[in-house]
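Asker: Going by UniProt numbering, the first residue of the sequence shown is number 1, and it counts up by one from there. Cβ coordinates follow ideal geometry from the N, Cα and C atoms, glycine included. All values derive from a computational prediction rather than experimental measurement. One structure, pasted below without further comment.
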Amino acid sequence: MEHQEHIDSLLERYLSLLDEYMRLREDLSKLQSGVYQNIARANFTGERGMRYGQDHYDERMRAIRVLGIDEAGEEAVPRFTIRNLMADAAGEGEKDDEKAESKPEGGKADVTLSAQGDSEATPEADKTPEEQDENKAKEAEKKPKKTKKASRNPLHWYGLLAPLPLRTAQTLSIQAVEQVIPRLVSVNAEMEHVEIEIRRARKKRAKAAAVADKEALGMEAVEAR
Numbered sequence: 001m002e003h004q005e006h007i008d009s010l011l012e013r014y015l016s017l018l019d020e021y022m023r024l025r026e027d028l029s030k031l032q033s034g035v036y037q038n039i040a041r042a043n044f045t046g047e048r049g050m051r052y053g054q055d056h057y058d059e060r061m062r063a064i065r066v067l068g069i070d071e072a073g074e075e076a077v078p079r080f081t082i083r084n085l086m087a088d089a090a091g092e093g094e095k096d097d098e099k100a101e102s103k104p105e106g107g108k109a110d111v112t113l114s115a116q117g118d119s120e121a122t123p124e125a126d127k128t129p130e131e132q133d134e135n136k137a138k139e140a141e142k143k144p145k146k147t148k149k150a151s152r153n154p155l156h157w158y159g160l161l162a163p164l165p166l167r168t169a170q171t172l173s174i175q176a177v178e179q180v181i182p183r184l185v186s187v188n189a190e191m192e193h194v195e196i197e198i199r200r201a202r203k204k205r206a207k208a209a210a211v212a213d214k215e216a217l218g219m220e221a222v223e224a225r
């Protein structure tokens, strides 16, 4: 009875995963259809001779999203996730800028001595315009310069003003890659794991039933004697 309850719970889990798998497949099919339809609209309304496709791919194309697999233990079900390299790079750049702004220059204050040799700094109002401009130039040189990073957005391969259908196609593609596909393959992996568990549970139930039958036959033989 215990084995049968365990099998029933596994079958219930498998059916729920199967239902989610079918819904994800349907969502993925709709997203892919939307991508192709919007690309077709962009090509139809585009300039003469302009085709949005592989012909205009940048030769320096690099992946901006990578796959991550989280698997703890030998029998653990792998979890698939997508990491956005553009978002990570932007976050690291902001952290570097904050560190550079908060870090003091040289650790010592720049003290300007007066002509009389006093240790106190000359007030800004007493300085000549040339000295004030020179100090401003020095302060500007000390400030960390922010380098502008090149954008890795694929839409820029077709110019800064990409048509709206092309942007919609990119949005749908990102939704499919970041949300639907990772969950789809994760559910598929979990279904395979549950199938293995069901087979193991059925084998244990069969062994337990065989042992129970042998014990019952032994009892009958003793009673017959």
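So the beta strand (DSSP E) Arg65 belongs to, where does it begin and stop?
Answerer: As a working mapping, residue 65 is identified with position 65 in the sequence shown. First-last of the beta strand (DSSP E) with Arg65: 65 to 70.
Asker: From the beta carbon of Leu160, is the nearest beta carbon of chain D less than 7 Å away?
Answerer: The structure shown contains no chain D, having only a single protein chain.
Asker: For Asn184, which option in Phe80, Trp157, Pro154 has the closest C-alpha, if you only look at C-alpha atoms?
Answerer: Taking the sequence shown and counting its residues from 1, the one referred to as residue 184 is at position 184. Per the sequence shown, residue 184 should be read as Leu rather than Asn. Selected option, being the one with the closest Cα: Phe80.
Asker: Does the pairing of the stretch 186 to 199 with the stretch 165 to 175 give three or more beta-carbon distances under 8 Å?
Answerer: In short, these stretches do not touch, since the Cβ pair count stays below three.
Asker: If you reduce the DSSP assignment to three classes, tell me which class Arg51 lands in.
Answerer: On the sequence shown, position 51 is the one that residue 51 refers to. If DSSP states are grouped into helix, strand and coil, Arg51 belongs with coil.
Asker: Quick one, are the C-beta atoms of Ala42 and Pro163 less than 7 Å apart?
Answerer: On the sequence shown, residue 42 is found 42 positions in, with the first residue counted as 1. On the sequence shown, residue 163 is found 163 positions in, with the first residue counted as 1. Yes; because the gap between Cβ atoms is below 7 Å, this pair is in contact.
Asker: How would you write the range of the alpha helix (DSSP H) that Asn84 sits in, first residue to last?
Answerer: What you label residue 84 is simply residue 84 of the sequence shown in a count that begins at 1. No alpha helix (DSSP H) contains Asn84, which is instead part of the beta strand (DSSP E) from 79 to 84.
Asker: From the DSSP output, in three-state form, read off Ala76 for me.
Answerer: Here residue 76 refers to the residue found at position 76 when the sequence shown is read from its first residue. It is coil, neither helix nor strand.
Asker: Would a C-beta distance cut-off of 7 Å place Arg152 and Ile64 closer than the cut-off?
Answerer: Numbered from its first residue, the sequence shown carries residue 152 at position 152. Numbered from its first residue, the sequence shown carries residue 64 at position 64. The answer is yes: Cβ separation under 7 Å.
Asker: Can you tell me the Cα-Cα spacing of Arg23 and Ser29, whole angstroms?
Answerer: Numbered from its first residue, the sequence shown carries residue 23 at position 23. Numbered from its first residue, the sequence shown carries residue 29 at position 29. Each residue's Cα considered, the two are about 10 Å apart.
Asker: The alpha helix (DSSP H) spanning Gly34 covers which residue range?
Answerer: Taking the sequence shown and counting its residues from 1, the one referred to as residue 34 is at position 34. Segment 2 to 45, the alpha helix (DSSP H) holding Gly34.
Asker: How big is the Cα-Cα spacing for Arg13 and Ser33?
Answerer: Position 13 of the sequence shown, counted from the start, is the residue given in the question as residue 13. Position 33 of the sequence shown, counted from the start, is the residue given in the question as residue 33. Going from the Cα of Arg13 to the Cα of Ser33 covers about 31 Å.
Asker: Just to confirm, are Lys214 and His3 a CB contact at a threshold of 7 Å?
Answerer: Within the sequence shown, the letter at position 214 stands for residue 214. Within the sequence shown, the letter at position 3 stands for residue 3. No; because the gap between Cβ atoms is not below 7 Å, this pair is not in contact.
Asker: Out of Ile7, Asp27, Glu20, which has the shortest C-alpha to C-alpha gap to Val177?
Answerer: Within the sequence shown, numbered from 1, the residue matching residue 177 stands at position 177. Nearest option by C-alpha distance: Asp27.
Asker: Does DSSP put Leu217 in a helix, a strand or coil?
Answerer: If you number the sequence shown from 1, residue 217 lands on position 217. Three-state result, Leu217: helix.
Asker: Please name the residue, chosen from Asn84, Lys207, Trp157, that lies closest to Leu67 on a Cα-to-Cα basis.
Answerer: Reading the sequence shown from its first residue, position 67 is the one you call residue 67. Answer by Cα proximity: Asn84.
Asker: In the structure shown, what three-state DSSP assignment does Leu164 receive?
Answerer: Locating residue 164 in the sequence shown gives position 164, counting from the first residue. Of the three classes helix, strand and coil, the one that applies to Leu164 here is helix, per DSSP.
Asker: Taking only the alpha-carbon atoms, compute the straight-line gap between Leu160 and Ile181 and give it to the nearest angstrom.
Answerer: As a first step, residue 160 is located in the sequence shown; it is residue number 160 there, counting from the start. As a first step, residue 181 is located in the sequence shown; it is residue number 181 there, counting from the start. Looking at the two C-alpha atoms, the distance is approximately 29 Å.
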